[in-house]
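Below you'll find the structure, written out as structure tokens, and then a few comments.
Residue numbers (the working numbering), protein chains in the order written: chain A, 58 to 373; chain B, 4 to 371.
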């Protein structure tokens, strides 16, 4: 009955349910933190300290009418928003947050993660075209261009890590950081990765593809009700994936003074904290500026980082 | 989206981060090659409306030319009336008018910071600006009884004298506003993402500004140091010492910077005015019921004011009756939207909201 327990695992703990709980928490965390920076309060009344606000928001979305524009490609329009959370949550199966806590342990876990995430731009372009809305299409193409541009530095930095650790197995990579977190020798890589992951999660300063002031909400424009809820879920799932990945790759994962899971959670929250503060503090870059940062600065730096990683391996 | 095809997109009138006006933009790729502004969405027929209102009833209307800056239309109006009536306004009233005008300017700029921050995605600055704006709105409420529409500037003076706690409240509030100004300097003007979005964007050269009659902070950001309060002093401005912030580059960044400094200058002006406030009546008219049945001698007069958004002028024609014959309001934002045809060329589409926000274009005062 192995598959039954695996299925339950996947749906509940260390699976979908866990992800949903984490997403709810992060949604609330972001809103309260941003509010604090803004000298506002943020959600306060739904549940203790407003913790149930994301639940209320998602429920509200689920109860709204799901409108499909007449000229839209009905099948794609409604199927892809379902795929997006699946694709963005799937990498979490490979990301360990404790020595025995990865749902799937594999020698190629990093490769799987990157491969799965690279599907996201394809889905976005397809769904923006399926919306049959000029603005959605522009937004989708912008999002795709942005994501493609920033995937390269991510892969290069990961290549540097793999070179240093000698493996693509995330568990091994975290174990290798028992003495020294990779952020020290790979400081440049960590910086590049951090910036690139902001772009990959379409967060400020890189959120122009869905920025309100330009083309309504870009590729998300036509989605209402449940479809929109899935998209929101996928956005936060991406945030979880990247923050967890950053913690494992650079901050030594679960290594630390407390019990493994607590170490991991603390570091994870620090990463999320920084990402939210950045959202509060920065303006958003224009599309061409966004691409310029990616192509002109991040990619060469990422190459440099691979080179440095090689050098470090040879001499340390 | 291939190559350089031309497309026409409509930015506005219903567009988050924009006002109720429309820009029909011809784009080639991502670049703007033609702009056709469409305005009039907020036309309320105010200039015609006042023709069936008694002289004093016009004041609530002139207050509402643009909601962000209540002194905008009312100060030039009462000045014009006073010229027609041949009235001399008590000194105390002139100082109080200055205080009102400067508080109005501060409110406008603080409100505007949110627009500018919102257009660039810098939410935090916007939120903090509105926090301060609440404080200044409270000062306005203390002074005039209203937050946005004041009904405060009356022909002959102002409606109320300052309340007892006003000086104290001003002192406390300005301390907080000054702290806020220090906070946002780094967050906005040294913020690389903000700088990339606004420097060199939407450049208005001195020539273009002068050609279209652009005034106010927009003009001063293009290097022309012209401010009615200094060049042709009115009210009590001649006796108050203040700077005229000017920048050279004429881009969105300069315009933001000019308004930032103007907030500080406004505070200085209010503090000086409060310090030097002369004794005397706050209005030469003692019985306000006089206003309702007031007849203004026939003639024409012009009132002028350097408002937050630019140079406003109100031309009043009287035929000797209880109501105005005609008023004509010169709107500073109208000049901007006309210039938009030229200024917006060559920008990327994403720059449009940023540049239009940097002009503090108010459809309310442009459309009347």
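Beta carbons: idealized from backbone N, C-alpha and C, even for Gly.
task = List in chain order: all unbroken alpha helix (DSSP H) runs of 4+ residues lying wholly within the segment 98 to 170 of chain A.
result = Segments of the alpha helix (DSSP H) lying fully in the segment 98 to 170 of chain A: 110 to 120, 131 to 146.
task = Output the residue ranges of the beta strand (DSSP E) runs that lie fully inside the segment 222 to 307 of chain A and measure 3 residues or longer, sorted by chain position.
result = none
query = Are there 16 or more other CB atoms within 10 angstroms of the CB of residue 241 of chain A, so buried, or fewer, so exposed?
reply = Flag for residue 241 of chain A reads exposed.
message = Check for me: the beta strand (DSSP E) holding residue 30 of chain B runs from which residue to which?
response = 25 to 31
inquiry  = Give me the DSSP bridge partner(s) of residue 40 of chain B.
reply    = Its beta-bridge partners are B:26.
Cα-Cα separation between residue 156 of chain B and residue 99 of chain B, rounded to whole angstroms = 9 Å
request  = Would you mind giving the Cβ-Cβ distance between residue 311 of chain B and residue 111 of chain B, rounded to the nearest angstrom? I have them listed as a contact below 8 Å.
outcome  = 4 Å
query = Considering residue 217 of chain B, what are the terminal residues of the beta strand (DSSP E) in which it resides?
reply = For residue 217 of chain B, there is no enclosing beta strand (DSSP E), as DSSP gives it neither H nor E.
task = Determine the contact status of residue 104 of chain B and residue 319 of chain B, defining contact as a CB-CB distance below 8 Å.
result = For residue 104 of chain B and residue 319 of chain B, no; Cβs fall outside 8 Å.
request  = Specify, as a first and last residue, the run of the alpha helix (DSSP H) that residue 112 of chain B falls within.
outcome  = 94 to 123
task = Mind listing the chain A neighbours of residue 396 of chain B? Cutoff is C-beta to C-beta under 9 Å, in chain order.
result = Within the shown structure, residues of chain B are numbered from 4 to 371, placing residue 396 of chain B beyond reach of any answer.
request  = Could you work out which residues of chain A lie near residue 134 of chain B, taking near to mean beta carbons separated by less than 9 Å?
outcome  = 95, 96, 97
message = Is the separation between the beta-carbon of residue 326 of chain B and that of residue 56 of chain B shorter than 8 Å?
response = yes
ask   = So who's on the other strand from residue 315 of chain B, going by DSSP bridges?
value = B:308
query = Going along chain B, which residues have a C-beta under 7 Å from residue 376 of chain A?
reply = The question about residue 376 of chain A has no answer here: the residues shown for chain A are numbered 58 through 373.
message = Measuring alpha carbon to alpha carbon, tell me which residue in B:159, B:124, B:107 is nearest residue 139 of chain B.
response = B:107
query = So which residues on chain A does residue 353 of chain B lean against when the C-beta distance must stay under 7 Å?
reply = 265, 271, 343, 344
request  = Identify the continuous alpha helix (DSSP H) that holds residue 323 of chain A and give its terminal residues.
outcome  = In the DSSP assignment, residue 323 of chain A falls within the unbroken alpha helix (DSSP H) covering 317 to 338.
ask   = For the putative contact between residue 177 of chain A and residue 134 of chain A, defined by C-beta atoms under 8 Å, what is the C-beta separation to the nearest angstrom?
value = 17 Å between Cβ atoms; not a contact.
ask   = In three-state DSSP terms, what is residue 283 of chain B?
value = Residue 283 of chain B sits in coil when the DSSP states are folded into three classes, being neither helix nor strand.
ask   = What three-state label does DSSP hand residue 321 of chain B in the structure shown?
value = strand
request  = Taking all protein chains shown into account, decide if residue 60 of chain A is buried (16 or more other Cβ within 10 angstroms of its Cβ) or exposed.
outcome  = exposed
key: residue 270 of chain A versus residue 356 of chain B: straight-line alpha-carbon distance, rounded   = With a pLDDT of only 44 at residue 270 of chain A, under 50, the local geometry of the prediction cannot be trusted, and no value is derived from it.
inquiry  = Restricting to Cα atoms, I'd like to know which of B:146, B:294, B:347 is closest to residue 101 of chain B.
reply    = B:146
key: Chain-ordered residues of the segment 103 to 127 of chain B with a beta carbon less than 9 Å from chain A   = 120, 121, 122, 123, 124, 125, 126, 127
ask   = Enumerated in chain order, which unbroken segments of the alpha helix (DSSP H) with a length of 4 residues or greater are wholly contained in the segment 181 to 222 of chain A?
value = Segments of the alpha helix (DSSP H) lying fully in the segment 181 to 222 of chain A: 191 to 222.
query = Would residue 97 of chain B be called buried (16 or more neighbouring beta carbons within 10 Å of its own) or exposed?
reply = buried
key: Between the CA atoms of residue 143 of chain A and residue 73 of chain A - distance to the nearest angstrom   = 9 Å
request  = Say whether chain B places a C-beta atom closer than 8 Å to the C-beta of residue 338 of chain A.
outcome  = yes
Where the beta strand (DSSP E) through residue 14 of chain B begins and ends = Start and end: 9 to 14.
query = According to DSSP, is residue 333 of chain B helix, strand or coil?
reply = strand
inquiry  = What would DSSP say about residue 351 of chain A, mapped onto helix, strand or coil?
reply    = helix
ask   = Is the Cβ-Cβ distance between residue 311 of chain A and residue 156 of chain A less than 8 Å?
value = yes
request  = Could you name the residues of chain B that residue 262 of chain A contacts, counting a contact when the two beta carbons are closer than 8 Å?
outcome  = 124, 196
key: Minimum C-alpha distance to residue 375 of chain A - residue among B:359, B:352, B:362   = Absent from the model: residue 375 of chain A. The displayed extent of chain A is 58 to 373, so no value can be given.
inquiry  = Cβ closer than 7 Å: which chain A residues qualify as neighbours of residue 130 of chain B?
reply    = 95, 96, 97
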